[in-house]
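K.L.:
First the structure, then my questions, so here it is.
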Amino acid sequence: MTVLTPSHHAEVVHLHPSNCLDHKPEWVIYNKYVLTSRNFIRTVTDVRGEWIVGIAPHYYDLENFPQCEAKRVLEKLYKKRVKDKDESKNRR
Numbered sequence: 069m070t071v072l073t074p075s076h077h078a079e080v081v082h083l084h085p086s087n088c089l090d091h092k093p094e095w096v097i098y099n100k101y102v103l104t105s106r107n108f109i110r111t112v113t114d115v116r117g118e119w120i121v122g123i124a125p126h127y128y129d130l131e132n133f134p135q136c137e138a139k140r141v142l143e144k145l146y147k148k149r150v151k152d153k154d155e156s157k158n159r160r
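So my numbering is basically just the index in the sequence shown, starting at one, shifted up by 68.
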């Protein structure tokens, strides 16, 4: 699994063996980054991309994001969020 750190560097990491997830999630929020002979993330929560852009749209500055699959997915999610907000306003 590859994660983007808050500084937007791509890092290859593995889910720590102590985690409770039984699948490889598309998006995660993690609390601990453990450096051993392999890079692990611990205290991991599986989240939906829609949740990320809905709760913290200001967190990801896509202007400074590296060109990668995560950026393309986030751009689509942001566009969908704007479209949904506009549709919601028009219904009122």
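Backbone N, C-alpha and C fix where the C-beta goes; we use that ideal spot for every residue, glycine too.
1) What residue range does the alpha helix (DSSP H) around Arg160 cover?
2) For a quick check, are the C-beta atoms of Gly122 and Arg149 less than 9 Å apart?
3) Out of Ala138, Asp154, Tyr146 and Ser156, state which residue places its alpha-carbon closest to the alpha-carbon of Glu79.
4) Evaluate Tyr128 with the Cβ neighbour count: other Cβ atoms within 10 Å of its Cβ, from every protein chain shown; 16 or more gives buried, anything less gives exposed.
5) Taking the alpha carbon of Val115 as the point to measure from, which residue in Asp154, Glu94 and Leu142 has its own alpha carbon closest?
6) Out of Leu145, Asn132, Thr111 and Val141, which has the shortest C-alpha to C-alpha gap to Val96?
P.N.:
The structure says:
1) Premise fails: Arg160 is in no alpha helix (DSSP H) and is neither H nor E.
2) Yes. Within cutoff.
3) Ala138
4) buried
5) Glu94
6) Thr111
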